[in-house]
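Chemist:
Numbering (this note's numbering), first residue to last: 14 to 738.
1) Report all residues from its chain with a CB closer than 8 angstroms to the CB of residue 219; omit the five preceding and five following residues, and keep chain order.
2) CA-CA distance, residue 516 and residue 487?
3) On a CA-only basis, which of 334, 437, 568, 710 is nearest residue 291? Give me that one, please.
4) Using the three-state DSSP reduction, which class does residue 626 fall into: helix, strand or coil?
5) So the candidates are 655, 461, 472; which of them puts its Cα closest to the Cα of residue 337?
6) For residue 729, count neighbouring Cβ atoms within 10 angstroms of its own Cβ and tell me buried if that reaches 16, exposed if not.
7) So which of 362, 455, 375, 137 has the shortest CA-CA distance to residue 420?
8) Just to confirm my understanding: we take residue 622, look at its own chain, exclude 5 residues before and 5 after, and list those with CB closer than 6 angstroms. What are they?
9) Just to confirm, is the Cβ distance from residue 614 to residue 580 under 8 angstroms?
10) Taking buried to mean at least 16 other C-beta atoms within 10 Å of its own C-beta, is residue 433 buried or exposed?
11) Kindly indicate which three-state DSSP category residue 731 falls into: helix, strand or coil?
12) When burial is assigned at 16 or more other CB atoms within 10 Å of the CB, is residue 720 buried or exposed?
13) Taking the Cβ atom as the reference point for each residue, do residue 271 and residue 287 lie within a distance shorter than 8 angstroms?
14) Taking Cβ to Cβ, would you say residue 618 is nearer than 8 angstroms to residue 563?
15) List the DSSP bridge partners of residue 642.
16) Quick check on the DSSP output: the beta strand (DSSP E) that includes residue 360 runs from which residue to which?
17) Figure out for me which residue from 705, 359, 709, 718 has the closest Cα to the Cα of residue 732.
18) From 229, 238, 509, 387, pick the residue whose C-alpha is nearest to that of residue 477; which is it?
19) For the putative contact between residue 172 and residue 154, defined by C-beta atoms under 8 angstroms, what is the C-beta separation to the nearest angstrom?
20) Compare the beta carbon distance of residue 673 and residue 735 with 8 angstroms and say whether it is the shorter of the two.
21) Mark residue 724 as exposed unless 16 or more other C-beta atoms lie within 10 angstroms of its C-beta, in which case mark it buried.
22) To which residues does DSSP link residue 376 through a beta bridge?
23) Taking three-plus beta-carbon pairs below 8 angstroms as touching, is the segment 466-481 in contact with the segment 343-359?
24) May I have a chain-ordered list of the beta strand (DSSP E) segments no shorter than 3 residues that lie completely inside the segment 142-219?
25) For the alpha helix (DSSP H) that residue 705 lies in, which residues bound it at each end?
26) Since I believe residue 474 is in contact with residue 253 (beta carbons under 8 angstroms), could you give me their beta-carbon distance rounded to a whole number of angstroms?
27) Which two residues bound the contiguous beta strand (DSSP E) that contains residue 421?
28) CA-CA distance, residue 653 and residue 398?
29) On the DSSP letters alone, give me the boundaries of the alpha helix (DSSP H) that residue 349 sits inside.
30) When the Cα atoms are used, what is the spatial distance from residue 260 to residue 146?
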C-alpha cells in the first residue's frame, strides 16, 4: 500500500474527497482487495470499541478463559484506543442459536504472555471470538478443540475457524493435523474434522506447508484446498464462521470540508447531502450576546456546517427544523445485511451561539432503514410513519444544547439494520423548539464531524447444500451433495441444473433457497401434500445473476417470510401457483430485481386453477415482469407497484380476482388488463372510472371501459372494478 493510498483513505474518512473522488474511491474498494484490507485495518478499532461498550454490561457475568498480568504502561497517540485496551480484560463465550445475530465477546491482549497456552474444547453451538494485540481477529465455531502455541501460532485439532489478519501482522499460523496454514496478510478459514482438512482464502494469500512436502503451496483470494485429497477449488465464506469487521462504507463529505452543491430536499442519489438552507463555513465570529467577539471554530478540520433556515429557501422561514440528509447504499452488502446483525452507528457534533431563552436549543441526529428504490426516497420519507411504509426501522437522539459556544456536544445513535433494507438515510438537524419564525433563526447553529460505521457481528457458518440429481424427491439424500438432505436451520440450499426437485412433505428452511443460480437451470415442484416454510434471515430467489433460468410450481403450500425475488438480473424466472397457496408475510415480492445488465430479466408470476397468493408488498419494477391471474385464481396484496423507472410490467386478470389496498403505477409504460367479464380488481377506498383512469401513470387495458361498484368490508369502503358491459 503506497503513502498516496494512505492519504486517500485518511481524506476519505475525514470527508475531504469530492463527490467524484468519493465515488471513485468506493469503486476502488469494491475491486481492490488490498485497499479493502488497508481500509478495514484503519477503521477496525472504532467498530470493535463500539461493540465492546454495547456489550460491556453482559460481560461481567461470563467465565474467563484467559488470565492477564498487570497491563504495562505505554503511550498511544489515540487515547481512546488505550482506554479500550485497558477496559477489555477477558475472553468469554456465549452459547448462541445458529443463524441469529451472535453476541460474542473478545479481548485486546496487551502482552503476548497474557495468552494461556493450554488446550480448550467446546461443544454445542458456540462461537469464540478472540482479538489479539497485533490486531488479528479470530472466531472459532464449536464443536472445536484448539490451543495457542504462542501469540502467532494456533493449533486447531477440530472445528472451524476464520482469521482476519491486518497489515503488519503477517505470519500468523494455524497448525492442523495435515500441515500448517501461514497467513500472508488476509482473511481465511480453516476447517478440521476427523477425515478432512480444508483451507479457504477470502481475501489476500496464504501459504500451506504440508507434512512430507518440501515445497509450499500458495493459495490466492477465492481459492481453497483440501489438504487430505490435495485438490483445489473455489472458496466459500459461508461455510465458515466470520469475525466482526467494519464494512468499507462511509458518508460523503462528513466533515463538510468541501463546499459541494447540496440538493434541495431529500437527495434521491447516494454520496450527496440534501436538505434545507445552510452553508459550509470556517471560523464564525459571534456577533451578539454575552459571547460577542468570541469565535466558534470547527471541531475537526477547517470547515463546518451552518444551519440557516427550516426550508430550502432561507427567505421562507415556515418549518419546524433545519434538516440535512444523506442516503447510504446497502445493496453492495446485501449478504451481510440479510444475514442480520450489521450494526450501524451514526454520530455528529453540534454547537451554537449563546442567547436568550428564545434562541432555539435543540439538535438531533437519526438513522432510518428503507427498502425500495432510492429514486423514490422522497415519497417514502413522506409516508414513513404510515402503515405498510417502506421504512423498516429508525433510531434517533436529541440534545438541548448548552449556552457555551466554546464546547461541541456529541450526539450518537445506533441500531441493527433489519434484513431486507436497501439503504439508510442519515439525518442531522437543528430543531425549532421556539416557534418564533424568523429568517435568521439558525444563524448561529452548527454541526460538524459526522461519522458513520457499519460493523458486522460475528456469525456462525452456514454450509451450502446443492441438489445434484436430475430429478426426484427432496427426501432422497443421494440427490444431494454429501449424500445428506439439507439441514433447514443451517444450510443454504441451491438447486442448479435440475430437471425437477419434488417436495411432497413439510420442509422448514431458515436459510436462503436459490433456484437457477448464476447460469444454472432449475425446476422445483411443491406437490399437493408438500409445504415449504421459508423463515429466518434468508431469501427465496428464482434465478440469480446473468443466465439463470428457474421455475417453481406450487400445488401445495409455500409460506415465506422476508424477501422473495422472481428474477434477479437473470434470463427468465417463473413462479406458478397452480391450485396451491402462497402466503408471504412481513416481506416483499419483487419481480425483475435489477435493471438490464446484459440480457433482460423476464419474470412471471402465474396464479391459476383456484390458487391464492397473499402478500404484504408486490413490486414489478425492472425489466419485463408479468403477473397473470386466471381460472379462479386470486391475489391479495397490501401494496402493488406496477412498473418502475426502467421496467415494463403487465398485470392480466382473466376469470380471477385481485385485492389491493394501495395501487401505484410507475413512470414506465405498464398495463393492468381486465381481460374478460369475470376479471375483478378490488381497491381500498371509493373510486370511479375517471379517478382510476386519472391515476398517475395508469394504463388500463382489456375492454371498452371500466365500471365500478362500492361495497363495505370489515368497516372499510372498497371499490370493485370490472369491464364495462
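Every residue gets a Cβ at the ideal spot worked out from N, C-alpha and C, and that includes glycine.
Modeler: The relevant details are as follows:
1) 194, 195, 196, 197, 199, 201, 212, 231, 232, listed in sequence order.
2) Each residue's CA atom was taken as its position, placing residue 516 and residue 487 some 5 angstroms apart.
3) Residue 291 has its Cα closest to that of 334, out of 334, 437, 568, 710.
4) The answer is strand: DSSP assigns residue 626 an E or B state.
5) Of the listed residues, the one whose Cα sits closest to residue 337 is 461.
6) With a threshold of 16 other beta carbon atoms within 10 Å, residue 729 falls short and is exposed.
7) That would be 362, whose Cα lies nearest to the Cα of residue 420.
8) So the list reads 591, 592, 644, once near-sequence residues are dropped.
9) Cβ atoms of residue 614 and residue 580: closer than 8 angstroms.
10) With 16 or more other CB atoms across the displayed protein chains lying within 10 angstroms of its CB, residue 433 is buried.
11) Correct three-state label for residue 731: strand.
12) With fewer than 16 other beta carbons inside 10 angstroms of its own, residue 720 counts as exposed.
13) No.
14) The answer is no: Cβ separation not under 8 angstroms.
15) DSSP output for residue 642 lists 620, 666 as bridge partner(s).
16) For residue 360, the enclosing beta strand (DSSP E) starts and ends at 355-365.
17) The closest CA to that of residue 732, considering only 705, 359, 709, 718, is found on 705.
18) If we check each option's Cα against that of residue 477, 509 comes out closest.
19) Confirmed, about 6 angstroms.
20) Contact flag unset, no.
21) The residue in question, residue 724, is exposed, as its Cβ has fewer than 16 Cβ neighbours within 10 Å.
22) Per DSSP, the beta bridge partners of residue 376 are 412, 443.
23) Judged by Cβ distances under 8 angstroms, the segment 466-481 makes contact with the segment 343-359, as three or more pairs qualify.
24) For the segment 142-219, whole beta strand (DSSP E) runs of length 3 or above, ordered along the chain, are 150-163, 166-177, 186-189, 192-196, 200-206, 209-216.
25) 702-706 is the extent of the alpha helix (DSSP H) around residue 705.
26) A Cβ-Cβ distance of about 5 angstroms is found for the pair residue 253 and residue 474, placing them in contact under the 8 angstroms criterion.
27) Residue 421 -> no beta strand (DSSP E), and no H or E assigned at all.
28) A direct Cα-Cα distance of roughly 19 angstroms separates residue 653 from residue 398.
29) The continuous alpha helix (DSSP H) containing residue 349 extends over residues 347-352.
30) Near 21 angstroms, if we compare the C-alpha coordinates of residue 146 and residue 260.
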